[in-house]
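First residue of the sequence shown? That's 11 in the working numbering, and the numbers climb one at a time after it. Here a beta-carbon is modelled for each residue, glycine too, at the ideal position from N, C-alpha and C. Quick caveat: nothing in here was measured; it's all calculated off a predicted structure. Okay, structure first, notes after.
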Amino acid sequence: MFALSQSCLRPLLPLPLVRALRLTVCLLFGTASLTGWASPAWAQLLPPGSQPVTAINFVVEANSLSSETVLFADPCDNLNTLPGCTGQQATLNYAGQNRRLITFETAVQTYERVVIPGETVVFQRQGATLANGFMVPNRDVLFFEGGPPENANQPINLEPSQVLNTQTVAQVLLSPFINRGIDNVFANVPQLPLPQAGDLIPVIAQDTLNDVRRIDYILPGGIAVPVAERNNQGFVVFERGGNDNFAIAAIIGFDANGPIYGSLGTLGPGNWGNTNLQFQTTVQRREPQQTGSFRPSHVVAEANQPISGIFFPISSLIPDTQATVFGYSLFSGEVNAANNLTDFANLPLADASNPSGGLDLVAGGFGLFRVAQPQPSNFALLKRITNLFGPTPLPDFTQVVGDGAALNLLQANGLGQGLDVITDPQVQPGNGIEYTVYFANSGQGTAPNVVLCDQIPAGLTFDPNGYGPGIGIQAIAASSPPGPVVNYTNAADGDPGTFVAPGAALPPFCGVNQGNGAVVVNGGDVAASQVGLIRFRTTVN
């Protein structure tokens, strides 16, 4: 008679699971002497090599909930998307469900962000009286995922965290959270003639004029990207709807007048790539800038606009002869190569009458992005006793014992049951014991080429017919949610399971041969968040 405990088991992971990070950009914080270069033939066209974004991969990062009651913005869309809002209070519920960008995909590659110390976003504004006699307001304009209420008396439920008056719009745009953004940036000429009550789209009630003339993403010391890596690193722009135009130029240096630019490229509505992500948004204003709270003005008419994007490799923005890039600037689509890009106060303005004249810029895209490096896995094994045959009374094998990320993942998938030690009842010769080896990958990357080896402890004999004639192994292959239980034969045939008989040579990864046989199962690649199991029975000698 003896107490039961776990036996030795070994997974074979022949490939390294810890990624080796190789940052191929060099941070240059010294003073650089740079000159401009002639615009190539593709100036004012979509930069060659740019890649439409096809998918956005994110995680929801929960933050604290908050709620605030404010007056609706004045004006607000009283006739359409927020009926009855004028002069009323709005209750805003922020769920704190921030969608953090992890990677994005194009038809070419998957890209991840590289955080560069000191990187900043700067909004260049003019503040002068504009066309048609309108003074552009001193305000911030942001959209948030969520809304709308059925009427102005109901709460507006917004998914991301609240933006406090201590936070600038630039900080919001530089953050990795992609369910916020700035609405209709660069659209600074009001629609004429002025809309009347009952018009389909009351633009004045949905006033988003914001006096932004240019947006700069700046790397203060610049970065030198090797020519061989310039197709693999670059900048991305995300937009809500994918129906607006804009212009972009790399910053290749600075002088007394400000940035020195490379060639200007322009993107039109047909150049965006639509992704797997879409959501409804509520537009809010904060007036004056960074003062008080954001207040709702309107809800975007389309219930679920897609989040679109386009990636600009470094090679598409600067020539090989240009050693360093210091960031980039975004402009209205009305800007062309004949304009003085440094003199932002006199750049052409996008007209609100033009449906593609603004840019609904989604946060999370500012930064340097590179081809995503392999993510580390976090592969783990948990061995449990899941049944006894002969002893009574039986313990409760539906229990889940232990803790940790692997067990949490198993539980989330309905697995992980069993006991690691049993002291009562004790087993007698001829009794049966069933073992289950669970596996789980709680990391972000794939665990490649997993092979499991579990040697049969001394004092026990493998049951070759535990699940049918010649069938001594059961399994759930790596999956999420878990797939069906399947049977494997003991023979080294076409299925992934094999029983190596006592006395036979074991694969080296099984460790020191205990001479009592081993269950060996080829688990293949185990992707992130996948789980599975192998199961077999033994008889007490």
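Going by DSSP in three states, Glu71 sits in which element: helix, strand or coil? strand
Excluding the five sequence neighbours on either side, which residues of its own chain have a C-beta within less than 7 Å of the C-beta of Asn423, listed in chain order? Ser490, Pro491, Pro492, Val541
Compare the Cα-Cα distances from Gly231 to each of Val529, Asn194, Pro269 and report the closest residue. Pro269
Taking only three categories from DSSP, how would you classify Glu239? Helix, per DSSP.
Whole-angstrom distance between Leu327 and Leu516, CA atom to CA atom: 57 Å
Where Gly263 sits in the DSSP three-state scheme: Reduced to three states, the DSSP call for Gly263 is strand.
To the nearest angstrom, report how far apart Leu92 and Gly137 are at their CA atoms. The straight-line gap from Cα to Cα measures roughly 29 Å.
Given this structure, state the Cα-to-Cα distance separating Leu277 from Phe519, to the nearest angstrom. 55 Å
Per-residue DSSP class, three states only, for Arg545: strand
Can you tell me where the beta strand (DSSP E) with Leu357 in it begins and where it stops? Careful: Leu357 lies outside any beta strand (DSSP E) and carries neither H nor E.
Would you tell me roughly how many angstroms separate the C-alpha atoms of Ala65 and Leu56, rounded to the nearest one? Put simply, the backbone Cα of Ala65 is about 21 Å away from that of Leu56.
Counting C-beta neighbours from all protein chains within 10 Å, is the total for Val125 16 or more, i.e. buried, or is it exposed? exposed
Alpha carbon of Asn441 to alpha carbon of Asn500, nearest angstrom: 21 Å
With a cut-off of 8 Å on the beta carbons, I'd call Leu152 and Gln383 a contact; round off their distance for me. About 32 Å; that fails the 8 Å criterion.
If you reduce the DSSP assignment to three classes, tell me which class Ala468 lands in. coil
Three-state secondary structure (DSSP) at Val522? coil
Ordered list of beta strand (DSSP E) runs contained in the segment 358 to 443, each at least 3 residues: 369 to 372, 378 to 381, 389 to 399
Where does the unbroken beta strand (DSSP E) through Ala180 begin, and where does it stop? Premise fails: Ala180 lies in the alpha helix (DSSP H), 179 to 184, not in any beta strand (DSSP E).
On a CA-only basis, which of Glu297, Gly412, Gly337, Thr285 is nearest Leu229? Give me that one, please. Gly337
Assuming Thr79 and Thr96 form a contact by the criterion Cβ under 8 Å, report the distance between their Cβ atoms to the nearest whole angstrom. The Cβ separation is near 16 Å, so there is no contact.
From the DSSP output, in three-state form, read off Ala48 for me. Because Ala48 carries a pLDDT of 31, less than 50, the predicted location of this residue cannot be relied on, and no value is offered for it.
Whose C-beta lies closer than 8 Å to the C-beta of Val309 among residues of the same chain, with five residues either side of it excluded? Within the same chain, Val309 has close Cβ partners Asp87, Thr91, Leu92, Gly157, Pro158, Gln290, Thr291, Thr292, Val293.
Collapsed DSSP secondary structure at Leu327 in the structure displayed: helix
In three-state DSSP terms, what is Asp535? strand
Among Asp217, Gly374, Asn451, the one whose alpha carbon lies nearest that of Pro147: Asp217
DSSP on Asn346, reduced to helix/strand/coil? It is coil, neither helix nor strand.
By Cβ distance below 8 Å, which residues in the same chain neighbour Asn551 in space, the five residues on each side in sequence not counted? Pro439, Gly469, Leu470, Thr471
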